[in-house]
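Peer 1:
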Amino acid sequence: MTTGTRLIAIVILLRFELYTSAATLKPETIAAWDAYLQAANDKMQARLQPGAHFLWLDEAPDRAESIRTKGPYIAPAVKEIPRKVPSGLIHDWLGVGFVPNTKIEDILRVVRDYDRYKDIYRPGVIDSAFRRTDGMQDFFFMRLANRSVVAKTALDTEGVSSYTRVDDTRWYGVSNTTEIREIDKFGTEEQRTLPPDEGTGLIWRLSSFTRLEERDGGVYAELEAIALSRDIPAAFRLFVTPIVRRVSRDSLATSLHQTKVAIDDLTLRRAQETQ
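Under numbering that gives the first Met the number 0, the residues of the sequence shown are numbered 0 to 274, in order.
1) Provide the residue(s) that pair with residue 161 in DSSP beta bridges, ordered along the chain.
2) Have a look at 207, 144, 33, 59 and flag the residue whose alpha-carbon is nearest the alpha-carbon of residue 181.
3) Might you give, ordered along the chain, the residues of its own chain that have their beta carbon closer than 8 angstroms to the beta carbon of residue 197, omitting 5 neighbours on each side?
4) Examine the Cβ distances between the region 158-169 and the region 125-143 and report whether three or more of them are shorter than 8 angstroms.
5) Hey, out of 220, 35, 227, 89, whose CA is closest to residue 172's CA?
6) Starting from the N-terminal side, write out each stretch of the beta strand (DSSP E) that is 3 residues or longer and does not extend beyond the region 85-138.
7) By the 10 Å Cβ neighbour count, where 16 or more other Cβ atoms means buried, how is residue 39 classified, buried or exposed?
8) Which ranges does the beta strand (DSSP E) cover as unbroken runs of at least 3 residues, wholly within the region 30-80, from first to last along the chain?
9) Tell me which residues share the same chain as residue 77 and place their Cβ nearer than 7 angstroms to its Cβ, disregarding the 5 neighbours each side in the sequence.
10) Quick test of your reading: residue 71 and residue 95, contact by CB under 8 angstroms. State the CB separation rounded to the nearest angstrom.
11) Compare the Cα-Cα distances from residue 255 to each of 102, 85, 81, 106 and report the closest residue.
12) Could you check whether residue 226 and residue 202 sit closer than 8 angstroms to each other, using their CB atoms as the reference points?
13) In whole angstroms, give me the CA-to-CA distance for residue 31 and residue 84.
14) Check whether the Cβ atoms of residue 153 and residue 140 sit closer than 8 angstroms, and answer yes or no.
15) Short of 6 angstroms in beta carbon distance, which residues of its chain neighbour residue 264, apart from the five on each side in sequence? Order them along the chain.
16) Please report how far the alpha carbon of residue 118 lies from the alpha carbon of residue 186, in whole angstroms.
17) Where does residue 83 fall in DSSP's three states?
18) Report buried or exposed for residue 229, applying the criterion of at least 16 other Cβ atoms within 10 angstroms of its Cβ.
19) Could you pull the DSSP bridge partners for residue 212 from this structure?
20) Report back the beta-carbon spacing between residue 267 and residue 103 to the nearest angstrom; my notes put them in contact at under 8 angstroms.
21) I need the straight-line Cα distance from residue 113 to residue 125, nearest angstrom please.
22) Excluding the five sequence neighbours on either side, which residues of its own chain have a C-beta within less than 6 angstroms of the C-beta of residue 82, listed in chain order?
23) For residue 43, which residues of its own chain have a beta-carbon under 6 angstroms away from its beta-carbon, when the five flanking residues on both sides are left out?
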């Protein structure tokens with residue numbers, strides 16, 4: 000077979016094995032995820048200490064200028080991504096961008112407008128709703144779908160986010176899913192919602208860290224997106240891992256672009272109202 004035909008065959012087999020067979024999230028996978036997420040939280044807290052770099056882009060010269068002039072930077076946040084853990088994979092990607100002529104409050108207004116997620120982040124988010132606010136925490140719902148990978152599967156997710164002011168020019172946010180339930184055969188008469196931690200294992204857990212700093216006539220935004228999924232069978236891992244990395248990179252790039260479009264729209268509407 001040609002390389003292209005062989006790759007297609009591998010992907011089809013992987014989809015059958017990985018995404019249509021039933022699975023249950025294992026305790027050792029949860030333990031590995033919890034340990035990884037704790038380490039990521041510790042790194043975030045370290046950035047808040049005196050003398051530390053709040054933004055990744057300030058850890059090396061000229062990164063900020065490159066982001067302003069060349070556009071967003073998207074890459075694995077650490078080495079060996081996706082990272083193999085017992086019966087699972089951890090995906091950890093960093094996206095960095097610059098939004099000119101805006102304020103942090105404009106960005107927060109967009110990212111905290113959970114009811115509009117289904118409009119801003121379509122077609123990946125097909126439904127969304129704000130639940131409630133409890134102190135510094137926002138609770139929200141999202142229904143996710145990835146029709147390019149799973150034709151008739153969706154995920155109902157419950158999440159919680161918090162945004163904290165560091166000083167006059169810096170904020171950071173933390174977001175985690177509290178529950179993910181797969182909808183099997185979504186959109187058909189056989190549609191059913193599975194218990195948490197059961198299903199294809201396309202996504203078991205989601206978390207993110209957001210860092211915002213206002214300077215240079217706009218806002219630098221850094222988003223670290225972390226996900227836990229089912230493992231790729233060893234026989235396919237070498238061939239499929241590059242595809243997983245490309246899809247992860249493209250998904251984060253799309254999310255950053257959609258957020259910027261929503262911010263630009265908000266800025267335009269506000270300017271028109273003041274005319």
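Don't be surprised by glycine CBs; every beta carbon is placed ideally from N, CA and C.
Peer 2: Taking the structure as given:
1) For the purposes of this step, residue 161 is taken as residue 162 along the sequence shown, with counting starting at 1. Residue 161 is bridged to 136, 173.
2) The residue you call residue 181 lines up with position 182 of the sequence shown. Measuring from the Cα of residue 181, the nearest candidate turns out to be 144.
3) Sequence index remark: in the sequence shown, residue 197 carries index 198 (1-based). Residues of the same chain with a CB within less than 8 angstroms of the CB of residue 197, apart from the 5 flanking positions on each side, are 21, 22, 23, 24, 181 in chain order.
4) At 8 angstroms Cβ cutoff, the stretches touch.
5) The residue labelled residue 172 in the question sits at position 173 within the sequence shown. 220 is the residue among 220, 35, 227, 89 whose C-alpha sits nearest the C-alpha of residue 172.
6) The beta strand (DSSP E) runs lying completely inside the region 85-138 and spanning 3 residues or more are 87-99, 124-133, given in chain order.
7) In the sequence shown, counting from the first residue as 1, residue 39 sits at position 40. Per the 10 Å Cβ criterion, buried.
8) Within the region 30-80, the complete beta strand (DSSP E) runs of at least 3 residues are 72-75.
9) Counting from one through the sequence shown, the residue named residue 77 turns up at place 78. Taken in chain order, the residues that qualify are 91.
10) Counted from its first residue, the sequence shown places residue 71 at position 72. Counted from its first residue, the sequence shown places residue 95 at position 96. By a beta-carbon distance limit of 8 angstroms, residue 71 contacts residue 95. Their separation comes to about 6 angstroms.
11) The residue given as residue 255 occupies position 256 in the sequence shown. The residue from 102, 85, 81, 106 with its alpha-carbon nearest to that of residue 255 is 106.
12) Here residue 202 refers to the residue found at position 203 when the sequence shown is read from its first residue. Here residue 226 refers to the residue found at position 227 when the sequence shown is read from its first residue. Yes.
13) The residue you call residue 31 lines up with position 32 of the sequence shown. The residue you call residue 84 lines up with position 85 of the sequence shown. Straight-line Cα distance between these residues: approximately 6 angstroms.
14) Taking the first residue of the sequence shown as position 1, residue 153 is located at position 154. Taking the first residue of the sequence shown as position 1, residue 140 is located at position 141. Taking 8 angstroms as the Cβ cut-off, residue 153 and residue 140 do not qualify as a contacting pair.
15) Working through the sequence shown from its first residue, we reach residue 264 at position 265. The beta carbon of residue 264 is closer than 6 angstroms to none in its chain, skipping five residues each way along the sequence.
16) Taking the sequence shown and counting its residues from 1, the one referred to as residue 118 is at position 119. Taking the sequence shown and counting its residues from 1, the one referred to as residue 186 is at position 187. Rounded to whole angstroms, the gap between the alpha carbons of residue 118 and residue 186 is 19 angstroms.
17) Taking the first residue of the sequence shown as position 1, residue 83 is located at position 84. Looking at residue 83 - three-state DSSP - the assignment turns out to be strand.
18) On the sequence shown, position 230 is the one that residue 229 refers to. Buried.
19) As a first step, residue 212 is located in the sequence shown; it is residue number 213 there, counting from the start. Residue 212 pairs with 169, 219.
20) As a working mapping, residue 267 is identified with position 268 in the sequence shown. As a working mapping, residue 103 is identified with position 104 in the sequence shown. Between residue 103 and residue 267 the Cβ distance is about 18 angstroms, and since that is not below 8 angstroms, they are no contact.
21) To locate residue 113, count along the sequence shown from 1; it is residue 114. To locate residue 125, count along the sequence shown from 1; it is residue 126. Taking the straight line from one Cα to the other gives about 12 angstroms.
22) Here residue 82 corresponds to residue number 83 of the sequence shown, with the count starting at 1. Only 89 meet the Cβ criterion.
23) Start at 1 with the first residue of the sequence shown, and residue 43 comes out as number 44. The beta carbon of residue 43 lies closer than 6 angstroms to those of 208 in the same chain, with the five residues before and after it left out.
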